[in-house]
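Participant:
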Amino acid sequence: MKREIFQFVSKCLVKAKHQAPSRLLQPIMIPQRKWERVTMDFVSCLPLTPRKKDAIWVIVDRFSLDKLAELNVSEIVKLHGVPMSIIYYHDSRFTSRL
Numbered sequence: 003m004k005r006e007i008f009q010f011v012s013k014c015l016v017k018a019k020h021q022a023p024s025r026l027l028q029p030i031m032i033p034q035r036k037w038e039r040v041t042m043d044f045v046s047c048l049p050l051t052p053r054k055k056d057a058i059w060v061i062v063d064r065f066s067l068d069k070l071a072e073l074n075v076s077e078i079v080k081l082h083g084v085p086m087s088i089i090y091y092h093d094s095r096f097t098s099r100l
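Each residue of the sequence shown is one higher than the one before, counting from 3 in the numbering used here.
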């Protein structure tokens, strides 16, 4: 597992070193209460459901993010192991001001 983690992180570091940011970085406001600021993303290309759907819309309350990360490690990773991949798609439509 250590080897797999090392390979994953080294790919991230290589990409970060050689890929320029798509735009200027902006500070992210720190939320003061639940549901004040959320992040959104889509996960697509999943196996088809009986209704022929292959994507999910993920919304995360940033105020609770650290608690969710702890829950993920203590419960989900414990049962299923570390994911082989994490799919992330950054879309500017969801980073613009509301």
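All residues carry an ideal CB built from backbone N, CA and C; glycine is no exception.
Keep in mind that this is a model prediction, so the values were computed, not measured.
#1: Please report the distance separating the alpha-carbon of VAL27 from that of THR41.
#2: Could you tell me which residues DSSP pairs with THR41 in its beta bridges?
#3: Which of the three DSSP states, helix, strand or coil, is assigned to ALA57?
#4: What's the gap between the Cα of ILE7 and the Cα of VAL84?
#5: Is DSSP giving LEU50 helix, strand or coil here?
Facilitator: Per the coordinate set shown:
#1: Indexing the sequence shown from 1 puts residue 27 at position 25. Indexing the sequence shown from 1 puts residue 41 at position 39. Sequence check: residue 27 is Leu here, not Val. Straight-line Cα distance between these residues: approximately 16 Å.
#2: Sequence index remark: in the sequence shown, residue 41 carries index 39 (1-based). According to DSSP, which records beta bridges pairwise, THR41 is partnered with VAL62.
#3: Looking up residue 57 in the sequence shown gives position 55. ALA57: coil per DSSP, three-state reduction.
#4: Here residue 7 corresponds to residue number 5 of the sequence shown, with the count starting at 1. Here residue 84 corresponds to residue number 82 of the sequence shown, with the count starting at 1. If you draw a straight line from the Cα of ILE7 to the Cα of VAL84, it is about 9 Å long.
#5: Start at 1 with the first residue of the sequence shown, and residue 50 comes out as number 48. When secondary structure is reduced to three states using DSSP, LEU50 falls in the coil class, being assigned neither helix nor strand.
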